[in-house]
């Protein structure tokens, strides 16, 4: 009996499974028929606004699109009585079309399978199909919205954020010499300031780019720019070098999210035929940021009189004023961003149909009013939203306290960012990610490496020229003489100074060797690169000088007295024009990219992104060989301008290609990863090329040329995105 009972149970169970599978297959066929019918409806709906003529059938009446108005009705159904089944759609009063209107047919034909009964692979396949349909539909919607006042307003707002990124890169190089002197930074720690900012930008690019795909482009950009502005402003007031590094680290962390978020944001409100050109114009703001930083440094930093002190503990010099001024573009972008909406493409991606529809209508109405056509109606009725796949998150039971909830939220967001990043290496974007990685790394390594090498070589040439003009004085015997003038670039050997007075003097790059000072007075002395080597001081008085002990190298002081010695590092020499020269060189190098920006913007959509990327990188690599002939400052400056002008087209085309190759759900994440890789390559290039200054020209030239040419050839293997919609 038991065996018979078991056989019957197995038979019944098998029959139930077969019936369940038959029912499942039948419902899938019904769903396919429903989807096919809906696709036909969507296609018919959007064929009408491909034509340029306006039809009276699309006139809006009471917020319902594509439905003829009923003249007999005196009031809307939204204000009349209704039963429980006839619920008011929450967006009806705002004129938002009900996305659920098209679902009645599905109920009539058959009940669809609920998402919880589908496996993840099936859900992802449905989402992918929805995203492809949305990409085509969204392109038509943006074309209907037109290109006008809204895009130009967003262009300038995002341009300020990109300008702040350019300023941040240049601030480090301009502030470094003055900050080192003001904070008495030893040579062993002087290189940390430049590297720490790039480290912050590297981490920030990855984090904020990933966050932009989770919480939105506008919100992520607002937070990252606020972080940058706060810590940049704070760094201008701190006194300790460690705290200053901390502030610049977080300032770089904040600004690191600007580039990936800005380009992702702006590309999603541009039509296909406008995208390449206007993204290239947007790149000009990075150049404007460099020009702004150079001009402000030129005008502010050398004016050492623009300073004040609060006792001996707090010094506020001109370079700190420069840091505050450089934070203004960031503050401006934060204020302007509060008036801009979120990217509608992102909102559709996360299923927020109503918010996206309202923003698209705002874009359309803004542009039509600017054109003088306020009567033109936004004819979009329904927008496809991809299927939302819920992520199961395990929340601990002990998350009652606020800080535990914060920890869980942060951990969840970071894990989501990591998962989105890993999807950048999935089919079909895996090959594109690998190729883009190679192009970004080679271009960054060659560009930033030579950008550091050029100024260092110029300074090395200046130093050699300055050393060649040094004056030597030997066996001097001076007594009862008053020195009250400036001594510069001199070496005094085997001298004797008896009963002399050194009053109100400036010593710049002066060295005294094997000399005797007897019964002398040093009063109100300011010195820079001045040392007394193997000298003897007898009965000598030092009053209000900055001649500290480390400036007396192997010297003997007999019965000497010191009064009011100025300790620490002193920023002085108002007549030092070398700072003007450094800022002027950077100003010229930044201004040289203007022709390249204009050419790339005008030709981006004509000759294509790949041609411009590969051609610019190859030409930049070839131009490196002209450095063999750079034997003077003027020739090196000319080579710097030529190199910057050629590489800017590669940067612009690479930015455009990157945003077009990634789908919306991982566009900012992929861009952020590549931008973080760019900063890592920049640090590596700075270390390698900086160590070769004054040693050899062959290695930097061959290294930069090789990586640029190889990167350009890899870039030519990328797919052409000029005719593709934004996926």
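Numbering (this note's numbering), first residue to last: 96 to 822.
Backbone N, C-alpha and C fix where the C-beta goes; we use that ideal spot for every residue, glycine too.
Bridge partners - residue i, DSSP secondary structure assignment
| i | result |
| --- | --- |
| residue 651 | 631 |
| residue 656 | 636 |
| residue 626 | 606 |
| residue 592 | 573 and 612 |
| residue 601 | 621 |
| residue 586 | 567 and 606 |
Per-residue burial, residue i [other beta carbons within 10 Å of its own, 16 or more giving buried]
| i | result |
| --- | --- |
| residue 566 | exposed |
| residue 370 | buried |
| residue 505 | exposed |
| residue 807 | buried |
| residue 305 | buried |
| residue 771 | buried |
| residue 747 | buried |
| residue 415 | buried |
| residue 534 | buried |
| residue 750 | buried |
| residue 817 | buried |
| residue 263 | buried |
| residue 530 | buried |
| residue 813 | buried |
| residue 246 | buried |
| residue 571 | exposed |
| residue 481 | buried |
| residue 170 | Here residue 170 scores only 38 on pLDDT, less than 50, and its place in the model should not be relied on; the value that follows carries that caveat. Exposed. |
| residue 577 | exposed |
| residue 797 | exposed |
| residue 514 | exposed |
| residue 645 | exposed |
Local conformation of residue i per DSSP, three classes
| i | result |
| --- | --- |
| residue 543 | helix |
| residue 246 | helix |
| residue 237 | helix |
| residue 291 | helix |
| residue 478 | coil |
| residue 819 | coil |
| residue 812 | coil |
| residue 792 | coil |
| residue 326 | helix |
| residue 230 | helix |
| residue 315 | helix |
| residue 471 | coil |
| residue 307 | helix |
| residue 353 | helix |
| residue 802 | helix |
| residue 331 | coil |
| residue 689 | helix |
| residue 703 | coil |
| residue 260 | helix |
| residue 271 | helix |
| residue 377 | helix |
| residue 694 | helix |
| residue 70 | The structure shown does not extend to residue 70, since the chain is modelled only from 96 to 822, so the question has no answer here. |
| residue 683 | helix |
| residue 364 | coil |
| residue 201 | Model confidence at residue 201 stands at a pLDDT of 41, short of 50, so the residue's coordinates are unreliable and nothing is read from them. |
Beta-carbon spacing of residue i, residue j below 7 Å
| i | j | result |
| --- | --- | --- |
| residue 803 | residue 716 | yes |
| residue 510 | residue 742 | no |
| residue 378 | residue 352 | no |
| residue 552 | residue 822 | no |
| residue 777 | residue 387 | no |
| residue 695 | residue 375 | yes |
| residue 312 | residue 434 | no |
| residue 744 | residue 691 | yes |
| residue 582 | residue 607 | no |
| residue 241 | residue 465 | no |
| residue 685 | residue 385 | yes |
| residue 362 | residue 688 | no |
| residue 392 | residue 269 | yes |
| residue 604 | residue 629 | no |
| residue 396 | residue 258 | no |
| residue 432 | residue 249 | no |
Checklist entry - Which parts of the segment 381-465 are runs of the beta strand (DSSP E), unbroken and 3 residues or longer, counting only runs that do not cross its ends? => result Runs of beta strand (DSSP E) with 3 or more residues, each lying fully within the segment 381-465, are found at 403-405 and 409-411, listed in chain order.
Next on the checklist: At 4 residues or longer, what runs of the alpha helix (DSSP H) sit wholly inside the segment 503-584?
Outcome noted: Correct list: 525-563.
Checklist entry - In chain order, which continuous runs of the alpha helix (DSSP H) of length 4 or greater are located wholly inside the segment 715-784? => result Taking only runs of at least 4 residues, the alpha helix (DSSP H) segments lying wholly in the segment 715-784 are 728-756.
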